[in-house]
């Protein structure tokens, strides 16, 4: 019997889609909303009749679901092939009563070429014993041909990528060391891994003049197209779609440095048939060899309530070496019960973390322990709500953040910036070590009452830096600030709006 996996894709009416997900899955409102936002799986191993019924119900409200046949996949590759991750693969798909053999490339199975179609072999109407026997025969034939097998494409890519852990560890410790990158690039080239060419290209780009730079950029783009399978594995389609849609529709935004992904942001927009939604994209990203030296990782807010997320991050050696982490991309200012996460298992794993950015009125500040954190950035919608949350949290423990010196507060709603609450917040022992404070109010000028509090708070006057350059202030407030600096009530390094 054929079975199917049903995944939510899109719908014009969010509430109706959420109601249907709750109906079919028996989950609560929060879980259903999260599943709709992240294009999650509604049902596994559904019968053909169930799949038709579910698809029809969602179609009634104008929503779309993806119905996928459930198979077991095995990939065969040649460990000696010079193309490494760009080589043609063979794939065995074993389902209930069916077995299929086809060929393709990593992350590119949906559009087979004529040669792949000619080599495809599909057999139906089989009983379980026949499926097992034919599968064993195929695996034996691959083994006799010197091929190796894996159960997912990321495992294929990992097996075909040259790695030198000691050199990668050196790059993680010294991400700005150009010479160390060139040494690793030479090692990769000697091992026959084309990623060494990318290291050399991007190092050359750093010192190129305008005309050579354009030619090098063209070579870089051509290299990434030619070696998309070896660089991105199953994420190649996600990366290509990101390049086509631009910043507004990003599922995965990447910034490169000397042959490696240095910064990555996993966004809410995107679903890949070969990979999945944002959670699966993140899990795949952390397995890519080109992400081995990742320094900065940002995650969409839609991912933060996934119960599996903290475990995924804790288990990743890539996450353990991050210098900067951003949790969320917007603040949900709605009041009411929400999923609370302390991240207490994650903090000890982040052994090189320097900068942490939260987008949350319930940021778990008092569970945060880090001997390396230097800069904390909080994006808040409601200062009063955050203060209440902080006071109701775990008791303050000293020496949790011994190197924390810089604090950035970004408010999306200026009307929530009650001066007295701000004064209470700044008096908390959590911020005793701060000597660099940055404020930003997104939607309106800095309230005059807050300006007065800034000039009267001893802790503010004792700062080394007060950065208000991203705020808007009226003329009267600007004069008050300048006069307070002249009288020594504000730091000498007071950065005012231009």
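Residue numbers (my numbering): 4 to 501. Even for Gly, the Cβ is constructed at its ideal location relative to N, Cα and C. Quantities reported herein were computed from a predicted structural model and do not represent experimental measurements.
Closest to residue i by C-alpha separation, out of the options, would be which residue?
i	options	result
residue 51	242, 396, 9	9
residue 401	490, 373, 147	373
residue 67	46, 58, 74	58
residue 513	487, 442, 94, 435	With the chain covering 4 to 501 only, the question about residue 513 has no answer from this structure.
residue 475	498, 439, 460	498
residue 346	320, 314, 321, 355	314
residue 77	491, 158, 163	158
residue 437	390, 485, 379, 392	379
residue 462	446, 473, 471, 440	440
residue 222	207, 236, 312	207
residue 394	329, 227, 431	431
residue 203	236, 406, 184	184
residue 460	493, 478, 97	493
residue 199	317, 230, 269, 407	230
residue 228	243, 141, 195	243
residue 177	485, 297, 20	297
residue 47	36, 194, 74, 60	74
residue 488	112, 367, 458	458
Give the secondary structure of residue i by DSSP, where H, G and I count as helix, E and B as strand, and everything else as coil.
i	result
residue 150	coil
residue 314	helix
residue 7	strand
residue 70	strand
residue 379	strand
residue 370	helix
residue 83	coil
residue 362	strand
residue 390	helix
residue 304	helix
residue 264	strand
residue 101	strand
residue 140	helix
residue 495	coil
residue 329	strand
residue 106	strand
residue 95	strand
residue 89	helix
residue 175	helix
residue 15	coil
residue 132	helix
residue 1	Missing from the structure shown is residue 1; the chain here goes from 4 to 501 and no further.
If I'm right that residue i touches residue j with Cβ under 8 Å, what's the distance once you round it to whole angstroms?
i	j	result
residue 41	residue 286	About 13 Å separates the two Cβ atoms, so there is no contact after all.
residue 89	residue 232	5 Å
residue 288	residue 238	7 Å
residue 109	residue 160	6 Å
residue 106	residue 92	7 Å
residue 64	residue 32	The pair is not a contact, with the Cβ atoms about 17 Å apart (cut-off 8 Å).
residue 98	residue 126	At roughly 11 Å, the Cβ-Cβ gap does not stay under 8 Å, so residue 98 and residue 126 are not in contact.
residue 196	residue 87	6 Å
residue 364	residue 331	Not really, about 11 Å apart at Cβ, beyond 8 Å.
Sorted by chain position, which residues of the same chain lie with C-beta nearer than 6 Å to residue i's C-beta, five sequence neighbours on each side aside?
i	result
residue 451	480
residue 414	383, 420, 444
residue 496	468
residue 292	164
residue 403	372
residue 13	67
residue 360	329, 380
residue 412	381, 442
Counting only the same chain and skipping the five closest in sequence on each side, list residues whose C-beta sits under 8 Å from that of residue i.
i	result
residue 425	386, 453, 456
residue 18	none
residue 370	345, 346, 347, 350, 396, 397
residue 129	100, 101, 102, 137
residue 357	326, 327, 375, 376, 377, 378
residue 319	289
residue 181	206, 209, 261
residue 45	9, 10, 11, 24, 27, 28, 38, 57, 68
If we cut at 8 Å on Cβ distances, does residue i have a partner in chain B?
i	result
residue 16	As a matter of chain content, chain B is missing from the structure shown, which is built from one protein chain.
Near residue i, which residues of its chain fall below 7 Å by C-beta distance, leaving aside the five closest residues on each side in sequence?
i	result
residue 434	410
residue 154	76, 77
residue 473	443
residue 70	7, 9, 54, 58
residue 295	171, 263, 321
residue 215	none
residue 355	324, 325, 326, 375
residue 427	390
residue 417	444, 446, 447, 450
residue 399	369, 432, 433
residue 150	79, 80, 81
For residue i, verify whether its CB is less than 7 Å away from any heavy atom of the ligand GDP.
i	result
residue 392	Because no ligand of any kind appears in the structure shown, any question about the ligand GDP cannot be addressed here.
For the stretch 399 to 481, list the beta strand (DSSP E) runs that are entirely contained and at least 3 residues long, ordered along the chain. 409 to 414, 439 to 444, 468 to 470
List in chain order: all unbroken alpha helix (DSSP H) runs of 4+ residues lying wholly within the stretch 178 to 262. 181 to 193, 198 to 209, 213 to 229, 231 to 235, 239 to 248
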